[in-house]
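This report concerns only the one structure given below.
Number of protein chains: 2
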Amino acid sequence: MYRIGEIAKLNQVKTDTLRFYEKQGLLTPSLRSESGYRIYTKKDAQRLRFIIRAKTVGFTLVEISELLSIELDKSNKACADVKNIVDMKLAHVNEKIEELNYFKVSLQQLSDDCCGGPESAEHCSILEALESNSSAISCVNNSHQQHKIT
Amino acid sequence: MYRIGEIAKLNQVKTDTLRFYEKQGLLTPSLRSESGYRIYTKKDAQRLRFIIRAKTVGFTLVEISELLSIELDKSNKACADVKNIVDMKLAHVNEKIEELNYFKVSLQQLSDDCCGGPESAEHCSILEALESNSSAISCVNNSHQQHKIT
DNA sequence: CTTTACCTTTGATTTAACTCCAAGGTTTAT
DNA sequence: ATAAACCTTGGAGTTAAATCAAAGGTAAAG
Chain A
1 MYRIGEIAKL
11 NQVKTDTLRF
21 YEKQGLLTPS
31 LRSESGYRIY
41 TKKDAQRLRF
51 IIRAKTVGFT
61 LVEISELLSI
71 ELDKSNKACA
81 DVKNIVDMKL
91 AHVNEKIEEL
101 NYFKVSLQQL
111 SDDCCGGPES
121 AEHCSILEAL
131 ESNSSAISCV
141 NNSHQQHKIT
Chain B
1 MYRIGEIAKL
11 NQVKTDTLRF
21 YEKQGLLTPS
31 LRSESGYRIY
41 TKKDAQRLRF
51 IIRAKTVGFT
61 LVEISELLSI
71 ELDKSNKACA
81 DVKNIVDMKL
91 AHVNEKIEEL
101 NYFKVSLQQL
111 SDDCCGGPES
121 AEHCSILEAL
131 ESNSSAISCV
141 NNSHQQHKIT
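As given, the protein sequences belong to chains A and B, one line each in that order. At position 59 of the first sequence (counting the first as 1) the number is 59 in my numbering, and the numbers step up by one without a gap. At position 39 of the second sequence (counting the first as 1) the number is 39 in my numbering, and the numbers step up by one without a gap.
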């Protein structure tokens, strides 16, 4: 059970942002105190963390509410419908993971290929690493590096 | 070798966006025709795809130019510097991948647990799946589903 | 008992990332 | 030779996602 300021601080957002999310229908505190204070439950906190997490991986607020609406609509939808929606979102997530793995592999190569020494990093670039498409290695400043097989 | 309209169409962006990226220092075409037309090389196209990809996984343009600057600065930096920068970015990417895997596992569970039939999907929600933290299963509308062990 | 946190509504401002428009001119394709 | 694509500068408009501000109040904590 948190009040707005508490949950805001815990999650590094502004209280204004929480009220904004409420207006957008993304996160409505489950309770109000007698005096009208917003009371956020554990579940609300979980939902907020979900929203924040989704945002950091590039989902828009609209997309996030679509993800969340899977929950809200649950009793009105047949399993088949839920499965369909979920599978579409899953495909979307998988795409993003693939994109990130693309970066990851390239950055990892770059890191591995740089000896980490004081020599100039000629020919080291993320784009060259991307180009080498996870097979060859782009950092060919041979004087100071070994090709590590990972 | 593409002209602005061509490369724009190929990558589903507006020509205005390309000029905007140029102004922001993200993507400057390598060449100009005699008449002043922007000429984008293969490498420029690759760079553009990089930008688009990075955007879809939630990087800001500023972050993207930081990633790209690893390339631009390469000859001015020692390998140790490059390695440092790259490793920081790598950590960032890994975080994002973890976030996405979190979604993925949950969505996958949701999908697996829904029989896909016409029954109501009571108790199926992404938040419940998240809650079950990749171990237990949240869809307990037992009448119509089996727990699949994946 | 007073400062701090919260409430409300309404509305303005900000930032990022485009997107569009105007005006006037050149180039390329049909 | 004329339409479509490009060039320039400069500025206005848009959308998403906040963030801030003001006014006038109630509640809670030290």
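Backbone N, C-alpha and C define an ideal beta-carbon position, used for all residues, glycine too. No experiment lies behind these values; they were computed from the predicted model shown.
Query raised in the report: Does Ser-106/A get closer than 7 Å to chain B when you measure Cβ to Cβ?
Result: Looking up residue 106/A in the first sequence gives position 106. No - not a single Cβ of chain B is within 7 Å of the one on Ser-106/A.
Report task. Give me the Cα-Cα distance between Ile-85/B and Ser-65/B, rounded to the nearest whole angstrom. Result -> Numbered from its first residue, the second sequence carries residue 85/B at position 85. Numbered from its first residue, the second sequence carries residue 65/B at position 65. Taking the straight line joining both Cα atoms gives about 13 Å.
Query raised in the report: Is Gly-25/B near the ligand FAD, going by C-beta to nearest heavy atom under 6 Å?
Result: As for the ligand FAD, it is missing from this structure, which has no ligand bound.
**Report entry** Uninterrupted beta strand (DSSP E) stretches inside the segment 27-109 of chain A (no shorter than 3 residues)
**Finding:** 38-40
Query raised in the report: So, is His-147/B buried or exposed, given that buried needs 16 or more other C-beta atoms within 10 angstroms?
Result: As a position in the second sequence, residue 147/B is number 147, starting the count at 1. Any reading at His-147/B needs caution, since the residue's pLDDT is 36, under 50, leaving its predicted position unreliable; the model's value is listed next. Burial call: exposed.
Query raised in the report: Under 7 Å between C-beta atoms, does Leu-110/A make it to chain B?
Result: Translated into the one-based positions of the first sequence, residue 110/A becomes position 110. Yes, its Cβ sits closer than 7 Å to a Cβ of chain B.
Query raised in the report: Taking 7 Å as the CB-CB cut-off, is Thr-41/B touching chain A?
Result: What you label residue 41/B is simply residue 41 of the second sequence in a count that begins at 1. It does not; no Cβ of chain A falls within 7 Å.
Requested in this report: Indicate whether at least one CB of chain A lies closer than 7 Å to the CB of Arg-53/B.
Outcome: Start at 1 with the first residue of the second sequence, and residue 53/B comes out as number 53. It does; some Cβ of chain A falls within 7 Å.
Query raised in the report: Taking one C-beta from the segment 42-56 of chain A and one from the segment 16-34 of chain A each time, how about it: are there three or more such pairs within less than 8 Å?
Result: yes
Query raised in the report: Using a C-beta to C-beta distance shorter than 9 Å, which residues of chain A count as neighbours of Gly-58/B?
Result: In the second sequence, counting from the first residue as 1, residue 58/B sits at position 58. Those within 9 Å of Gly-58/B in chain A are Lys-55, Thr-56, Val-57, Gly-58, Phe-59, Lys-96.
Query raised in the report: Taking Cβ-Cβ distances shorter than 7 Å, what residues in chain B pair up with Asp-87/A?
Result: Stepping through the first sequence from its first residue, residue 87/A is reached at position 87. Within 7 Å Cβ-Cβ: Ser-111.
Query - Straight-line Cα distance separating Phe-59/A from Leu-107/A - result: Translated into the one-based positions of the first sequence, residue 107/A becomes position 107. Translated into the one-based positions of the first sequence, residue 59/A becomes position 59. Rounded to whole angstroms, Leu-107/A to Phe-59/A spans 23 Å at the Cα level.
Report task. Evaluate Arg-38/B with the Cβ neighbour count: other Cβ atoms within 10 Å of its Cβ, from every protein chain shown; 16 or more gives buried, anything less gives exposed. Result -> The count along the second sequence starts at 1 and reaches residue 38/B at position 38. Looking at its Cβ environment, which holds 16 or more other Cβ atoms inside 10 Å, Arg-38/B is buried.
Query - CB of Ile-4/A within 7 Å of CB of Thr-17/A, strictly - result: As a working note, residue 4/A is residue 4 in the first sequence. As a working note, residue 17/A is residue 17 in the first sequence. No, the Cβ-Cβ distance between Ile-4/A and Thr-17/A is not below 7 Å.
Report task. Answer with buried or exposed for Glu-99/B, where buried requires no fewer than 16 other C-beta atoms within 10 angstroms of its C-beta. Result -> Here residue 99/B corresponds to residue number 99 of the second sequence, with the count starting at 1. Classification for Glu-99/B: buried.
Query raised in the report: Just curious, the alpha helix (DSSP H) that Asn-11/A is in, first and last residue?
Result: Your numbering for residue 11/A matches position 11 in the first sequence. Asn-11/A -> alpha helix (DSSP H) spans 4-11.
Query raised in the report: So, does the CB of Leu-90/A fall closer than 7 Å to a CB anywhere in chain B?
Result: Looking up residue 90/A in the first sequence gives position 90. Leu-90/A counts as touching chain B.
Query - Cβ pair Lys-23/B, Val-57/A closer than 7 Å - result: As a working note, residue 23/B is residue 23 in the second sequence. As a working note, residue 57/A is residue 57 in the first sequence. For Lys-23/B and Val-57/A, no; Cβs fall outside 7 Å.
Query raised in the report: Given a threshold of 16 other Cβ atoms within 10 Å of its Cβ, counted over all protein chains shown, does Ser-111/A qualify as buried or as exposed?
Result: As a first step, residue 111/A must be located in the first sequence, where it is residue number 111. Buried, by the Cβ-count rule.
Query raised in the report: Which bits of chain A does Leu-100/B rub up against, with CB to CB less than 8 Å?
Result: On the second sequence, position 100 is the one that residue 100/B refers to. Those are Val-57, Val-93, Lys-96, Ile-97, Leu-100, listed as they occur along chain A.
Query raised in the report: Under a CB-based cut-off of 7 Å, is Lys-14/B close to chain A?
Result: As a first step, residue 14/B must be located in the second sequence, where it is residue number 14. No - not a single Cβ of chain A is within 7 Å of the one on Lys-14/B.
Requested in this report: For chain A, find out if any of its Cβ atoms is closer than 7 Å to the Cβ of Phe-103/B; answer yes or no.
Outcome: Taking the second sequence and counting its residues from 1, one reaches residue 103/B at position 103. It does: the Cβ of Phe-103/B has a partner Cβ on chain A nearer than 7 Å.
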